[in-house]
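Engineer: Numbering (our numbering), first residue to last: 260 to 431.
Submitted below is the structure of interest, expressed as structure tokens.
Have a look at this one:
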């Protein structure tokens, strides 16, 4: 059983005042239900901790305490768009950025026409890490169509070859 199998995440969502014992109790109830219903395995894709760091840690601790194991750990990055760009970047990253610019790499916002090319990069990257690709290209394309104001595609090019890509989602 996979929580919201077609979604990027779909784990537990608690109110802010929840106590760890309540979270553990809920996880135990899920395990009990699964055993009763002969479920062999459960995969829970929790929300990125950037959305609520405290509740994300609480969920992770409760799941680990009740016998779940951490299978994948994605790193989520969120940038405050009101902060000047270079203030967000440390010295080492500034140096790498300068080298990229000197090498002629070009960064640009892309239209959804570039999704197939970007998707190949996403699949390759996740494959190298041993992570599954959780969304098909048609599903990603549909998200771009349905939420065109909130889904943004960026790419980095070495001449005409796309060498990096990112999907950014406007969350507020």
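Note that beta-carbon positions come from the ideal geometry of N, C-alpha and C, so glycine has one too.
No experiment lies behind these values; they were computed from the predicted model shown.
Using the three-state DSSP reduction, which class does residue 386 fall into: helix, strand or coil?
Structural biologist: Reduced to three states, the DSSP call for residue 386 is helix.
Engineer: Closer than 6 Å by C-beta to residue 315: which residues in its own chain qualify, once you throw out the five before and the five after it? Chain order, please.
Structural biologist: Around residue 315: 308.
Engineer: Residues in its own chain within less than 7 Å of residue 287 by CB, not counting five upstream and five downstream?
Structural biologist: For residue 287, where only same-chain residues beyond five positions count, the Cβ hits under 7 Å are 325.
Engineer: Since residue 412 and residue 377 are thought to touch, with beta carbons under 8 Å apart, how far apart are those beta carbons, to the nearest angstrom?
Structural biologist: Right, their Cβ atoms sit about 6 Å apart.
Engineer: Report the residue ranges of all alpha helix (DSSP H) runs contained in full by the region 395-431; include only those spanning at least 4 residues, in chain order.
Structural biologist: If we require 4 residues or more, the alpha helix (DSSP H) runs fully inside the region 395-431 come out as 396-405.
Engineer: Taking all protein chains shown into account, decide if residue 318 is buried (16 or more other Cβ within 10 angstroms of its Cβ) or exposed.
Structural biologist: Classification for residue 318: buried.
Engineer: Which residues in the same chain have their Cβ closer than 8 Å to the Cβ of residue 382, if we skip the five residues on either side of it in sequence?
Structural biologist: The answer, listed in chain order, is 392.
Engineer: Using 10 angstroms around the beta-carbon of residue 366, count the other beta-carbons present and answer buried if the total reaches 16, otherwise exposed.
Structural biologist: Classification of residue 366: exposed, given that the 10 Å Cβ count is below 16.
Engineer: Near residue 423, what residues of its chain come up, given a Cβ to Cβ distance below 8 Å and the 5 sequence neighbours on each side ignored?
Structural biologist: Within the same chain, residue 423 has close Cβ partners 380, 414 and 415.
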